[in-house]
Ligand SMILES: Cc1ncc(C[n+]2csc(CCOP(=O)(O)OP(=O)(O)O)c2C)c(N)n1
Ligand SMILES: [Mg+2]
């Protein structure tokens, strides 16, 4: 019997930390996926990573300035997120956790909508039923819950015959994001059971950023986490999550296999949360600067930039990406600051699908009460 | 001579936990991020360094797992104290709490005790995102076999956490997180009240204000304003939500004839509703007005920017006082 207590063999990786193209043996089966990528795709990957890193810093500053309740930064995880997001096809559905800001942006969600949730002006932020939001479902803050929702959604895709016809251009699939800490929640195991049982058209995308707030992944699992998926019978691989090409190639292949009826798949993207867990967190209490610095050497943007430069990308790409990111931040800041608290009657709306006596009664009461308070103060 | 120290509730809880860990080696703390980080609210700060990683454990990230394994540990003679990181994250453990933890002693015919404490930072006023500001105490008060308490002062926090840990029954220990940082006097020498006793926090004669947790400070504020208007309000701090110590509540209701019960939790099927019904039954002839409730609305806890309108404040309490006095 083999006990998988050590690290996995080399994960799927195309780009080494210095940006040289050097596929690992595990990457070979996914190589063909890179063939369809043009320079324009590469540019887009790069721009998206640069944009979200700037967005991240802007949002963190906004929080520090008291303009937001909370912000969970995604710095360090851009490669995993941008690659997988571009791997999804337009008809696919995406269930995020709460850190996949750039995935939402790539699917069409206005980043200000994401910040509206963090600013405390809404409990949702965008409408996943509106096609302009690219089937990007709402964030879920209760860890792991969304894995079951994604599985149920994928079951529906299957039952409807919307997947499994063999046409990758139209067959639907679902991808769900979750973290290393969340894998310990019962819901995640149950989602894997249902997915395997129904052979859903689905990819489980685990971002192992090494930490669940202050708790290292070793507390959650003694084996590499991609084996969790394998244990439930899902084809599972570990990838270098800081290699945007690995994330793109494996996710697109797995989604296409899932959509044409080959069943669910599992990806563990090895990455690192470079920032604090959220703006309320103080990582100096539990992890070393050395560890962070070591992961800093494997930065997804630096790596991809080196690769693009070696391929002869023009300098203007890098300068314009930086400028666009700056513009994005200025726009996001201005529009976030303009987000006002909603009027209170909205609190009583949509709690039920129909008019509800208690909502009506309490809303009316609060309206009268508020009016009487303003009179009192005159 | 009693030793009196001024400290915030967060420090008082830390001191109470430290005392409990020192007094009984079977006491274990378990939860998410309670080790090197000291918990997201720093309630367990320094305790892992002092008592080691076995006595103060960072658990895997699974609430059902935390409570379920606490049950097994209790069967083995341990006294686990579980931390649930935020109110809204207790629900993955709901089955283990209400169907398992609550019922073990009863199913074992009394041969097995379940000395498990579940600490839950709860309530609003911190401007946080969803699932971080809820008041779920009624779900647990509704379940036979569970004791449910909530301190409102640093002194009560210091003593009640130790008493909860000494209890041989499961105790849901709701910590009003908005009250973690204001300071208050803690008598480190002796406890004045038992775990399940309610307490008159301010004496008065015209109207009785009843609440628990963070609401107590709102009620005291309201009583102060009322005093300026010539109304004498008595404030009763429940401290225990299950069982409720009705003695002081009934005495006060009989004295003033007018009662307002306030809570952050939604009103429907709430602790406040239970108190209103009981006072109506037991003090009917002394009441001059119906017992009025002031609660959070029966909506999801709203986005942070609306919490000020959702959560009852002193004005909303005073509005109810006026209505009670108008009868
Ligand atoms: C059910 C539940 N328990 C606890 C929390 C509090 N919490 C929020 S994020 C987090 C850590 C999550 O770690 P991981 O799944 O690795 O995701 P990451 O934050 O690293 O992206 C915790 C404990 C929560 N949101 N939901
Ligand atoms: Mg993590």
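Protein chains in written order, with the working numbering: chain A, 16 to 393; chain B, 1023 to 1349.
Here a beta-carbon is modelled for each residue, glycine too, at the ideal position from N, C-alpha and C.
Task: Run of the alpha helix (DSSP H) containing residue 126 (chain A), from where it starts to where it stops - done: 126–134
Open item on the list: Please classify residue 81 (chain A) as buried or exposed, where buried requires at least 16 neighbouring CB atoms within 10 angstroms.
Closed with: exposed
Open item on the list: Does residue 174 (chain A) pass the burial test, meaning 16 or more other C-beta atoms within 10 Å, or should it be called exposed?
Closed with: Residue 174 (chain A) comes out exposed.
TODO: Assign residue 1134 (chain B) to one of three DSSP states: helix, strand, or coil.
DONE: coil
Open item on the list: Just to confirm my understanding: we take residue 1099 (chain B), look at its own chain, exclude 5 residues before and 5 after, and list those with CB closer than 8 Å. What are they?
Closed with: 1048
Task: Buried versus exposed call for residue 1329 (chain B) [16 or more other C-beta atoms within 10 Å across all chains shown] - done: buried
Open item on the list: ligand 2 and residue 257 (chain A): does any heavy atom of the ligand fall closer than 7 Å to the residue's C-beta?
Closed with: Between ligand 2 and residue 257 (chain A), a heavy atom-to-CB distance of less than 7 Å is absent.
TODO: Within its chain, find whatever has a CB closer than 7 Å to the CB of residue 84 (chain A); leave out the 5 residues flanking it on each side and keep chain order.
DONE: 133, 134 and 135
Open item on the list: Please classify residue 1234 (chain B) as buried or exposed, where buried requires at least 16 neighbouring CB atoms within 10 angstroms.
Closed with: buried
Open item on the list: Given this structure, state the Cα-to-Cα distance separating residue 1149 (chain B) from residue 1204 (chain B), to the nearest angstrom.
Closed with: 17 Å
- [ ] Quick one: grab the DSSP three-state call for residue 1100 (chain B).
- [x] coil
Open item on the list: With a threshold of 7 Å (Cβ to nearest heavy atom), would residue 288 (chain A) be considered close to ligand 1?
Closed with: yes
Open item on the list: Excluding the 5 residues flanking residue 1118 (chain B) on each side, which residues of the same chain have their C-beta closer than 6 Å to its C-beta?
Closed with: 1086, 1089 and 1090
Task: With 16 other Cβ atoms within 10 Å as the buried cut-off, status of residue 1074 (chain B) - done: exposed
TODO: Compute the minimum distance between the beta carbon of residue 194 (chain A) and the heavy atoms of ligand 2, and state whether it is under 7 Å.
DONE: yes
Task: Cβ of residue 316 (chain A) within 8 Å of any chain B Cβ - done: no
Task: ligand 2 heavy atom lying under 7 Å from the CB of residue 227 (chain A) - done: Taken from the Cβ of residue 227 (chain A), at least one heavy atom of ligand 2 lies inside 7 Å.
Open item on the list: Shorter than 7 Å, the distance from the beta carbon of residue 224 (chain A) to the closest heavy atom of ligand 1, or not?
Closed with: yes
Open item on the list: Would residue 460 (chain A) pass as an interface residue toward chain B - the criterion being a Cβ-Cβ separation below 8 Å?
Closed with: Because chain A in this structure spans residues 16 to 393, residue 460 (chain A) falls outside the shown range and cannot be described.
Task: Segment limits, alpha helix (DSSP H) that includes residue 1183 (chain B) - done: 1176–1188
- [ ] With DSSP collapsed to three states, give me the class of residue 189 (chain A).
- [x] strand
Open item on the list: Quick check on DSSP: helix, strand or coil for residue 40 (chain A)?
Closed with: helix
Task: Under 7 Å from the C-beta of residue 1197 (chain B): neighbouring residues of chain A - done: Those do not exist, as residue 1197 (chain B) stays about 17 Å from chain A at its closest Cβ, beyond 7 Å.
TODO: Look at the alpha carbon of residue 294 (chain A) and the alpha carbon of residue 260 (chain A), and state the distance between them as a whole number of angstroms.
DONE: 30 Å
Task: Pick from B:1167, B:1168, B:1172 and B:1151 that is closest to residue 1142 (chain B), judged by C-alpha positions - done: B:1172
Task: Chain-ordered chain A contacts of residue 1319 (chain B) [CB-CB under 8 Å] - done: Within 8 Å Cβ-Cβ: 362, 363, 377 and 381.
- [ ] Please list the residues of the region 213–231 of chain A that have a C-beta atom closer than 7 Å to any C-beta atom in chain B, keeping them in chain order.
- [x] 227, 228, 229 and 230
Open item on the list: Just checking residue 197 (chain A) against ligand 1 - is the residue's beta carbon closer than 7 Å to any of the ligand's heavy atoms?
Closed with: yes
Task: Cut-off 6 Å between Cβ atoms - residues of its own chain near residue 1231 (chain B), not counting five sequence neighbours on either side - done: If we look at residue 1231 (chain B) and ignore the five residues flanking it on each side, its Cβ neighbours are 1241, 1255, 1257 and 1282.
Open item on the list: At the 8 Å Cβ level, is residue 1344 (chain B) part of the contact set with chain A, yes or no?
Closed with: Under the Cβ distance rule, residue 1344 (chain B) does not count among the residues neighbouring chain A, no pair being separated by less than 8 Å.
Task: Listed by chain order, chain A residues near residue 1082 (chain B) by CB distance under 7 Å - done: 199, 234 and 235
TODO: Report all residues from its chain with a CB closer than 7 Å to the CB of residue 200 (chain A); omit the five preceding and five following residues, and keep chain order.
DONE: 158 and 159
Open item on the list: Using the three-state DSSP reduction, which class does residue 288 (chain A) fall into: helix, strand or coil?
Closed with: Secondary structure at residue 288 (chain A): coil, using DSSP grouped into helix, strand and coil.
Open item on the list: Let me check one thing: in DSSP terms, what residues is residue 226 (chain A) bridge-paired to?
Closed with: A:231
- [ ] Determine the direct distance from the alpha carbon of residue 113 (chain A) to that of residue 89 (chain A), and round the result to whole angstroms.
- [x] 9 Å
Task: Cβ neighbour criterion (16 or more within 10 Å) applied to residue 352 (chain A) - done: Counting Cβ neighbours within 10 Å, residue 352 (chain A) comes out exposed, since fewer than 16 surround it.
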